[in-house]
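Below: one structure, written as C-alpha cells.
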Amino acid sequence: MTYKVPFVDPIKHYHRLKKQLFKTIDAALSRGDLVLRGQLKSFEKNLAKLVGTKYAVGVNSGYDALHMSIEAAGIGPGDEVITVAHTFMATISAICNHGAKPVLIDIGQDFNMNMDLVESAISARTKAIIPVHLNGRVCDMKRLMTIAKKHNLIVIEDAAQALSAKFRNKTAGSFGLAGCFSFYPFKMLGAYGDAGAVTTNNPQIAHKITLLRYNGEDRQTRKFYYHGYTALLDNLQAAILDLKLKYFPDWVQRRRQIAQHYHQGLSELPALTLPHFTDKKYFDVYQNYVIRVQNRDQLVKYLDKNGVETLISWRTPMYKQPSMQPNKIHLPETEKICCQVISLPMNTEITLTQVKYVTKTIRQFYQ
Ligand SMILES: *Cc1c(COP(=O)(O)O)cnc(C)c1O
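If you count by the working numbering, then the sequence shown holds residues 14 to 380, one letter each, in order.
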C-alpha cells in the first residue's frame with residue numbers, strides 16, 4: 014500500500030539530488046575512477062573532519078567497520094567484550110565472529126548502555142567495551158572512558174546511528190580507539206548500497222584496517238601483511254557519500270526540527286514517553302525518533318490503517334534470537350523496551366504537514 018506518511022522516502026530523496034548525483038557518477042565513470050581513487054580519499058578526509066579524528070578508513074559496511082576494528086585492536090578468542098543487547102545484531106556478531114564473547118548488559122531510559130552496570134560486568138577476561146550510540150544519541154562517554162581507563166579496557170564505538178551526534182561538544186566516533194559508522198541506504202548518511210567507515214586517531218589502527226579491507230595488501234610495498242578481506246568502500250559509493258556530506262549538516266538540523274514538532278504535537282499524552290532529554294550536554298541527531306507507548310501493537314495497527322508507516326526495532330532482545338541460543342541472559346529494561354518501542358517516520362523528506370498528521374492520528378488513538 015502507499016502510505017500518506019511513509020517511514021522513509023528514498024524516491025523523493027533521489028529526485029531532490031538527481032542532477033548532482035548524475036554529475037558525480039558520470040565524472041567518476043568517465044574517468045575510470047572505480048577502485049581506491051580520489052573520491053574515496055576525499056570522502057575519508059571530509060568524514061574525519063566531521064567526526065574530529067585524524068583518520069577515517071572507508072569500508073564495505075558498518076559490520077565490516079566493527080569486525081575489522083575488533084581484529085585490528087587484537088580482540089580474539091578468550092576475550093570478553095561488554096556491549097548491549099538493544100542494538101542491531103551486527104554489533105554482537107562482529108564480536109562472536111572473532112571468537113570473543115559478548116557480555117550483554119542492560120540499557121537506561123535513553124536506550125543507551127546503563128553506565129551503572131558496566132563495572133560489575135568486568136571480569137579478568139574483559140578486553141573491551143563497545144558502547145552503541147543508538148538512535149542518534151551518544152552514550153555518557155565521560156563515565157565510560159573513565160571506567161575503561163581505570164580497568165585498562167579498549168573502547169570501540171558503534172556509531173552507526175550517530176554521525177555528528179555530540180556529547181560535551183565531542184563527536185561520536187572520536188572518543189574510543191575506533192568509531193564505526195554505517196552508510197547503509199537508510200542511515201542518516203546513506204549510500205546506494207552497503208558502505209561504512211572506521212574513524213580513529215590511532216595510526217596503527219588506521220593502517221591495519223586499510224590493509225585488512227584490501228586483502229591485507231599494503232598498496233605502497235605491494236606486500237601482503239595479513240589475511241584480510243575484500244571489504245573496501247566502493248569508489249562510486251564514496252563519491253555519492255562525499256556529495257551527500259555537503260548537505261548533511263542541513264539534514265541534521267532538519268531532523269532536529271522534525272523531532273521538535275513531534276514533541277510539540279505529542280508531549281501532552283501521558284501514555285507516551287518521548288525521546289527528549291533535557292540534558293544540554295547532549296546534541297542528538299535523531300537517526301530514529303523512537304517513542305515508548307502503551308498499547309503498542311494496537312497503536313501500530315491504527316496508524317497503519319490511517320496511512321502512517323512505522324517500524325519496531327526490535328520486537329525481541331537479540332539474546333532470544335536463534336543464533337544466540339541457548340543462554341540464560343535476562344535484561345529487564347531491554348525486554349520491557351522491546352514491548353513498548355515504536356519508531357515514527359523520520360527522514361529529511363517528511364513535511365511538517367505530514368508530521369502534524371502523524372501526531373493528530375496518535376492523539377486520536379488515545380482519546
Ligand atoms: C546499521 C547498524 C550496524 C550495521 O551496519 P551495516 O552497514 O548494515 O553493516 C551496526 N550497528 C548499528 C547500531 C546499526 O544501526
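Backbone N, C-alpha and C define an ideal beta-carbon position, used for all residues, glycine too.
No experiment lies behind these values; they were computed from the predicted model shown.
One or two residues paired with residue i in a DSSP bridge
i: aspartate 231; result: Lys236
i: glycine 71; result: Ala210
i: cysteine 193; result: Asp171, Val211
i: leucine 117; result: Thr96
i: isoleucine 355; result: Ile304
i: tyrosine 295; result: Phe180
i: valine 145; result: Asp171
i: threonine 139; result: Glu93
i: leucine 344; result: Answer is none; leucine 344 lacks a bridge partner.
i: methionine 126; result: Ile120
i: valine 21; result: Valine 21 pairs with nothing; no bridge assigned.
i: leucine 285; result: Val306
i: leucine 245; result: Val72
i: leucine 324; result: Ser356
Selection from the options that minimises the alpha carbon distance to residue i
i: arginine 226; options: Ala185, Val72, Ser336; result: Val72
i: histidine 274; options: Arg181, Tyr370, Asn59, Leu324; result: Tyr370
i: arginine 29; options: Tyr379, Val368, Thr361; result: Thr361
i: glutamine 277; options: Asp123, Lys17, Leu365, Glu346; result: Leu365
i: valine 298; options: Ser326, Tyr315, Gly320, Trp264; result: Trp264
i: alanine 137; options: Lys32, Lys62, Val94, Val18; result: Val94
i: glutamine 377; options: Met331, Pro345, Leu312, Ile355; result: Leu312
i: asparagine 214; options: Ala191, Arg235, Asp231; result: Ala191
i: tyrosine 295; options: Cys152, Ala85, Val131; result: Cys152
i: tryptophan 327; options: Asp207, Asn148, Ser195; result: Asn148
i: alanine 134; options: Ile350, Glu348, Leu344; result: Leu344
i: glutamate 84; options: Pro23, Ala251, Ile222; result: Ile222
i: arginine 150; options: Gly320, Met126, Lys163, Arg267; result: Met126
i: threonine 374; options: Ile325, Lys349, Ile350, Lys318; result: Lys318
i: tyrosine 325; options: Leu357, Glu346, Met331; result: According to the sequence displayed, residue 325 carries isoleucine and not tyrosine. Here the closest residue by C-alpha is Leu357.
i: threonine 37; options: Asp123, Ala252, Lys333; result: Ala252
i: lysine 62; options: Phe199, Thr329, Lys183, Tyr27; result: Lys183
i: asparagine 262; options: Asp46, Tyr197, Val64; result: One point to set straight first is that residue 262 is proline, not asparagine, in the sequence displayed. Nearest of Asp46, Tyr197, Val64 to proline 262, Cα basis: Val64.
i: valine 48; options: His80, Arg156, Pro198, Arg232; result: Arg232
i: phenylalanine 199; options: Tyr260, Asp22, Ile304, Glu322; result: Asp22
i: isoleucine 350; options: Val303, Thr15, Tyr315, Arg44; result: Val303
i: glutamate 281; options: Phe101, Ala41, Gln380; result: Gln380
i: glutamate 348; options: Gln122, Tyr197, Thr15; result: Gln122
i: leucine 166; options: Tyr16, Thr96, Leu34; result: Thr96
i: alanine 161; options: Met128, Gln353, Lys58; result: Met128
i: valine 321; options: Thr372, Gln307, Arg235, Cys352; result: Thr372
i: cysteine 352; options: Val306, Ile363, Lys333, Lys314; result: Val306
i: histidine 146; options: His26, Ser195, Lys114; result: Ser195
i: arginine 181; options: Arg156, Thr234, Ala204, Tyr260; result: Arg156
i: threonine 329; options: Phe35, Glu346, Ala41; result: Glu346
i: tyrosine 205; options: Leu34, Thr15, Thr100, Met14; result: Leu34
Distance between beta carbons of residue j and residue i, contact taken as under 8 Å
i: tyrosine 68; j: threonine 212; result: 7 Å
i: leucine 60; j: alanine 210; result: 6 Å
i: tyrosine 238; j: leucine 224; result: 6 Å
i: arginine 309; j: isoleucine 355; result: 6 Å
i: glutamine 367; j: valine 18; result: 5 Å
i: methionine 201; j: glutamine 300; result: 5 Å
i: valine 131; j: isoleucine 120; result: Between isoleucine 120 and valine 131 the Cβ distance is about 12 Å, and since that is not below 8 Å, they are no contact.
i: alanine 98; j: methionine 331; result: 5 Å
i: arginine 268; j: methionine 359; result: 6 Å
i: cysteine 193; j: serine 82; result: 6 Å
i: threonine 323; j: phenylalanine 20; result: 7 Å
i: glutamine 272; j: serine 74; result: The residue asked about is misnamed: residue 272 is alanine in this sequence, not glutamine. Actually they do not touch by this definition, with Cβ atoms about 27 Å apart.
Q) Can we say the segment 46-60 touches the segment 236-254, given the rule of at least three CB pairs closer than 8 Å? A) Flag = yes, the segment 46-60 and the segment 236-254 touch.
Q.
Three or more C-beta pairs under 8 Å: does that hold for the segment 99-113 against the segment 177-191?
A. Put simply, the segment 99-113 does not touch the segment 177-191. Fewer than three CB pairs are less than 8 Å apart.
Q: Please determine if the segment 278-295 and the segment 87-96 are in contact, where contact requires at least 3 C-beta pairs separated by less than 8 Å.
A: With the cut-off at 8 Å, the segment 278-295 and the segment 87-96 do not touch.
Q) On the three-pair Cβ rule with 8 Å, is the segment 333-349 touching the segment 218-235? A) Verdict: no, contact absent.
(Q) Below 8 Å, how does it come out for the segment 256-266 and the segment 131-143: are there three or more Cβ pairs, yes or no? (A) With the cut-off at 8 Å, the segment 256-266 and the segment 131-143 do not touch.
Q) When the Cβ atoms of the segment 160-170 are set against those of the segment 185-193, are three or more pairs found closer than 8 Å? A) Touching, yes.
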